[in-house]
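S.K.: Below is a structure I'd like to ask you about.
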Amino acid sequence: MEPTAVLVAGALKAAADAGAAEVGKKAGAAAAEHARGLLERLHLLRKKAAGGDPDADPAADPGAGPGTGPDADPDAHHDAELDAVAIARRAAEDPETARQLQQLLDEARAAGLIPAAQVAAPPPAPAPRMFVNRVTEQADLTGAAPSGIVVVAGRSGIGKTTLVRKWLADQASAQRYDLRILVDVPRSAGVGQIAEELLRRVGVDTSVSRSASEWVAHWHSVMRGQRYCVVLDDVTQPGQVRELIPHEAGSLLVAIGSEPLAELAAEGAEFVEVLPFATDAGVELVERLIGAARAHAEPEAVEEVVGACDGIPAVLALAAGILRGQRDWAVADLADRLADGSRRLPLLRSRGRAVVDLVFDAGYAELDADTARLYRALGHLGADEFQPEVLGAFAGLPEPAVAAALETLLAKYLVQERAWPETGYRVGEMQRNHAREVAQRAGEFGADERAAARRRVRELLVGAVQAADAAASPGKPLRYPELTELKNTARFASAAEGLRWVDAHRAHLLTCAESADDDAALRIAGSMWPYVTNFRRWYDGAWLYRHAAEVARRTGYAEAEARNLCCLSRCLLEIGDKAGARAAMVRATEIADGTALRLQASVTEFVGLVALAEGSYEDAHALFLECGRLHRSMRAADEPMHRGEILAAQMAGRALRWAGQFERAVELLAEAVRIVPPQEQRLGARLRMDLAEALLYAARGREAVPFLEEALPLLDAQLMAEDRFNAEVMLRTARASR
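Quick note on my numbering: the sequence shown kicks off at 4 and runs consecutively.
Take a look at the structure:
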């Protein structure tokens, strides 16, 4: 062993003889004495090397090292420390000796015997050359900085690092931090490795090995009193950063990751999510990359490119790069190629495999078996929005597995949650294309596999929408085909629950009605009627019932055609197409001739609605009376009124009110309210509103109050928001009446 190493070993042995148990107590008196003794030996070594008097009292020599008196030269502290570091390096052949020496140095610093290690600011990370938008995210970062720990999360390729580099450059300009350090974190790196790298970046010697906890403690010791910002990029787990959260007020740790690192919330972390660009920001990026003149010449094509790239900046930059390399292409040429889902990823991969691997393939490769299976099922979707049940049916996975897999996909930003217009999830078209691609590679997207997946979805949607219909309309309403042998009759405990389900699955139901078998189309159309009327989805209804009527006509199902034409006519009336509504009912009347009385009665009712809308009040009244007569002829004398008969009375009362015969309307509607069954919530609510309106017109507003008060909870139970608003307006008017 070299002489310097012998001296170190002797100092360490002396410390051990004095009580090794005391080593490690950084602020303890014994540790301080051990450190002082070591540093005195270092002083002797240094004096010998310099040719000085080795027997001189270090306290009397201004350059004798740390702890040498009040008038000591401050540089001497640093010199002694440099000597110690040099000896530690020479002791590298004996790692334990070197480690113990380093520990004693740390104790000396903690005890105030020597200054903290000097740090040097690393070269600043350059600001990004191209930066667009992200104004909100930058403001969020600034607002979150006082927390000391901020997580910046988003999918790969979304621009997280670019955002933070831009923000960090702004902080440098504002001189908010003395030190700014950006480190790319290797995937398998532990917190000790990261702390070691941080120390290396600020110029601290790291030649002596330490344990992970010692590296972390040394980092915090070195940075004591500093005002710094550390950015750790590509963090994959909270354990990589938790122990590195600054102890110093005014300092900040920014963790960038492709997952939210939600566990850090317990440490007081603030979170900034980076999401895909909105169209305007995406257009700005493309414009900056290909030139304003070229972009302004084809604004619609540029927007199409942005949409095709799902607003992901890395993919948009790749698309812009393709345009820059193909000067003879119009932007529309690229937009057309990207519009073809089967060509989109191959085109992008051929020009930038690394980008596609980063944005899509890398994230998919990390998924477990169930999550990967659910991800591949995204390829079956025909639109961005989806519900978990439907995706689970496509994948053939049970509900618990679907819920767990969706959480993983959310955490990796492969899908997004949404809360409006209805709760559910969203996935971009390019992500669906990638899912379809990997499903094809997995052998899950052949004709047989796709047909089986669609059957599972069809069974789910048709069964559930019929159960929702049964919950909202307990009186066995007129349906073609009839609601028979439902497997999920007890699925929904209330009308509201069933209607909310239909609202959430509306897009899936309409898609299934369009693309599934004829029976599914007719059953979905029939069972969505309570939803269409309660939620006033008249445009959806117009498309759905026109489609269902065409299906019924093509298959020769006359009753279903007539019924769907009736529903179509109501939707057309609500959107102002009276001519279309009348044409639909002319056809329905022709079909219904000679059919079952119940269908004839229904057709008569809807013909009356057209007459009412056209202002033919007397004709409408007569038609509603005929409708009631037909319903009455179908029941025995001792049977209670059927729902259809009560509904006909309601419509007749409405015709009287519109004709100005308010008292007659009140009399008829009051009787209908008296006999309507309590389970008929929708009919009961609207009857009470019609009666209240007739009373208001008859200048009997105070009498309308109780009926409107009774209507409100019924409207709530059926989620009839617009009707409820109207009822509240009427109630205020009624209460103000004399």
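Note that beta-carbon positions come from the ideal geometry of N, C-alpha and C, so glycine has one too.
Here the structure is a predicted model, which is why all the values come from computation and not from measurement.
Decide yes or no for the touch test of the region 303-318 against the region 433-441: beta carbon pairs closer than 8 Å, at least 3 of them.
M.R.: Touching, yes.
S.K.: Alpha carbon to alpha carbon, how far is A389 from E110?
M.R.: Here residue 389 refers to the residue found at position 386 of the sequence shown. Here residue 110 refers to the residue found at position 107 of the sequence shown. As written in the sequence, residue 389 is Phe, which differs from the Ala given in the question. If I take the Cα positions, the gap works out to 60 Å.
S.K.: If I follow the unbroken beta strand (DSSP E) through V669, where does it start and stop?
M.R.: Position 666 of the sequence shown, counted from the start, is the residue given in the question as residue 669. First-last for V669: F665 to I678, but that is the alpha helix (DSSP H), not the beta strand (DSSP E).
S.K.: Taking its Cβ as the centre, do 16 or more other Cβ atoms sit within 10 Å of S530, making it buried, or is it exposed?
M.R.: Indexing the sequence shown from 1 puts residue 530 at position 527. That one is buried.
S.K.: Taking 8 Å as the cut-off, decide whether the C-beta atoms of L615 and W661 are in contact.
M.R.: The residue you call residue 615 lines up with position 612 of the sequence shown. The residue you call residue 661 lines up with position 658 of the sequence shown. A contact, by the Cβ cut-off of 8 Å.
S.K.: Candidates S353, A445, R461 and D506: which alpha carbon is nearest D521's?
M.R.: The residue you call residue 521 lines up with position 518 of the sequence shown. D521 has its Cα closest to that of R461, out of S353, A445, R461 and D506.
S.K.: Verify whether the separation of the beta carbon atoms of L525 and A565 is less than 8 Å.
M.R.: Looking up residue 525 in the sequence shown gives position 522. Looking up residue 565 in the sequence shown gives position 562. Going by C-beta atoms, L525 is not nearer than 8 Å to A565.
S.K.: Suppose the cutoff is 8 Å on Cβ atoms and the five residues either side in sequence are ignored; what does the same chain contact list for E666 look like?
M.R.: Counting from 1 along the sequence shown, the entry for residue 666 is found at position 663. Closer than 8 Å at Cβ, skipping near neighbours: A701.
S.K.: Assuming contact is defined by CB atoms lying nearer than 8 Å, are R689 and N537 in contact in what I supplied?
M.R.: For the purposes of this step, residue 689 is taken as residue 686 along the sequence shown, with counting starting at 1. For the purposes of this step, residue 537 is taken as residue 534 along the sequence shown, with counting starting at 1. No, these two residues do not count as a Cβ contact at 8 Å.
S.K.: Please state whether DSSP places A519 in a helix, a strand or coil.
M.R.: Along the sequence shown, one-based indexing puts residue 519 at 516. Of the three classes helix, strand and coil, the one that applies to A519 here is coil, per DSSP.
S.K.: In this structure, how does DSSP classify F280 when only helix, strand and coil are distinguished?
M.R.: Start at 1 with the first residue of the sequence shown, and residue 280 comes out as number 277. Note: F280 maps to coil in three-state DSSP.
S.K.: W170 by DSSP, collapsed to three states: which one?
M.R.: What you label residue 170 is simply residue 167 of the sequence shown in a count that begins at 1. Helix, per DSSP.
S.K.: Give the DSSP-derived three-state secondary structure of V460 in the structure shown.
M.R.: As a working mapping, residue 460 is identified with position 457 in the sequence shown. In this structure, V460 counts as helix in the three-state DSSP scheme.
S.K.: Please go through the same chain and pick out, in chain order, the residues whose beta-carbon is closer than 7 Å to the beta-carbon of R346, but skip the five residues on each side of it.
M.R.: Along the sequence shown, read from residue 1 onward, the residue named residue 346 stands at position 343. Correct list, in chain order: R340.
S.K.: Use the C-beta contact count for M654: other C-beta atoms within 10 angstroms, 16 or more gives buried, fewer gives exposed.
M.R.: Here residue 654 corresponds to residue number 651 of the sequence shown, with the count starting at 1. That one is buried.
S.K.: How about D313 and P279: do their beta carbons lie closer than 8 Å?
M.R.: Translated into the one-based positions of the sequence shown, residue 313 becomes position 310. Translated into the one-based positions of the sequence shown, residue 279 becomes position 276. Yes, Cβ-Cβ distance for D313 and P279 is below 8 Å.
S.K.: With A398 and L377 assumed to form a contact (beta carbons below 8 Å), what rounded beta-carbon distance in angstroms separates them?
M.R.: For this step, residue 398 is matched to residue 395 along the sequence shown. For this step, residue 377 is matched to residue 374 along the sequence shown. Correct: roughly 5 Å between the Cβ atoms.
S.K.: Out of L602, V505 and Y483, point me to the one whose CA is closest to T558's CA.
M.R.: In the sequence shown, counting from the first residue as 1, residue 558 sits at position 555. That would be Y483, whose Cα lies nearest to the Cα of T558.
S.K.: Can you tell me the Cβ-Cβ gap for L235 and V188, rounded? I've got them flagged as a contact below 8 Å.
M.R.: As a first step, residue 235 is located in the sequence shown; it is residue number 232 there, counting from the start. As a first step, residue 188 is located in the sequence shown; it is residue number 185 there, counting from the start. Indeed they touch by this definition, with Cβ atoms about 5 Å apart.
S.K.: Are at least three pairs of beta-carbons, each pair with one atom in the region 123-140 and one in the region 155-173, less than 8 Å apart?
M.R.: Cβ pair count under 8 Å is three or more, so yes.
S.K.: P680 to E452, Cα distance in whole Å?
M.R.: For this step, residue 680 is matched to residue 677 along the sequence shown. For this step, residue 452 is matched to residue 449 along the sequence shown. Spanning the two alpha carbons is a distance of roughly 48 Å.
S.K.: Quickly, what does DSSP pair R183 with across the bridge? List them, please.
M.R.: Position 180 of the sequence shown holds residue 183. BP columns for R183 point to C232.
S.K.: Where does the unbroken alpha helix (DSSP H) through G355 begin, and where does it stop?
M.R.: For this step, residue 355 is matched to residue 352 along the sequence shown. Run containing G355: G344 to V359, per the alpha helix (DSSP H) assignment.
S.K.: Label S636 either buried or exposed according to how many other C-beta atoms from any shown protein chain fall within 10 Å of its C-beta, with 16 as the threshold for buried.
M.R.: Translated into the one-based positions of the sequence shown, residue 636 becomes position 633. By the 10 Å Cβ count, S636 comes out exposed.
S.K.: Please name the residue in T164, G160, E99 and A119 whose C-alpha comes closest to that of A128.
M.R.: Translated into positions along the sequence shown, residue 128 becomes position 125. Looking at the Cα atoms, T164 is the closest of the given residues.
S.K.: To which residues of the same chain is D181 closer than 8 Å at the C-beta, ignoring the five residues directly before and after it?
M.R.: Taking the sequence shown and counting its residues from 1, one reaches residue 181 at position 178. Closer than 8 Å at the Cβ level, and outside the excluded window around D181, lie A124, Q229, R230 and Y231.
S.K.: Please state if the CB of L547 and the CB of L513 are separated by a distance shorter than 8 Å.
M.R.: Mapped onto the sequence shown, residue 513 falls at position 510. Mapped onto the sequence shown, residue 547 falls at position 544. Yes, these two residues count as a Cβ contact at 8 Å.
S.K.: A338 and D368 - do their beta-carbons sit closer together than 8 Å?
M.R.: One-based indexing of the sequence shown puts residue 368 at position 365. One-based indexing of the sequence shown puts residue 338 at position 335. A quick correction: the sequence has Ala, not Asp, at residue 368. Contact: no.
S.K.: Nearest by alpha-carbon distance to A499: which of G478, G704, A380 and L722 is it?
M.R.: Along the sequence shown, one-based indexing puts residue 499 at 496. Per the Cα distances, L722.
S.K.: Three-state secondary structure (DSSP) at L417?
M.R.: On the sequence shown, position 414 is the one that residue 417 refers to. Three-state DSSP puts L417 in coil, outside helix and strand.
S.K.: Would you mind reading off the limits of the alpha helix (DSSP H) that contains G395?
M.R.: Here the question's residue 395 lines up with position 392 in the sequence shown. Where G395 is concerned, the enclosing alpha helix (DSSP H) stretches over P391 to A398.
S.K.: To the nearest angstrom, report how far apart R638 and R539 are at their CA atoms.
M.R.: In the sequence shown, residue 638 corresponds to position 635, counting from 1. In the sequence shown, residue 539 corresponds to position 536, counting from 1. Taking the straight line joining both Cα atoms gives about 32 Å.
S.K.: I think L699 touches A737, with their Cβ atoms under 8 Å apart; what is that distance to the nearest whole Å?
M.R.: One-based indexing of the sequence shown puts residue 699 at position 696. One-based indexing of the sequence shown puts residue 737 at position 734. Indeed, because the Cβ distance is near 6 Å, the residues count as touching under 8 Å.
S.K.: If we count the other Cβ atoms within 10 Å of its Cβ and call it buried at 16 or more, is F710 buried or exposed?
M.R.: The sequence position of residue 710 within the sequence shown is 707, counting from 1. The residue is buried, with at least 16 neighbouring Cβ atoms inside 10 Å.
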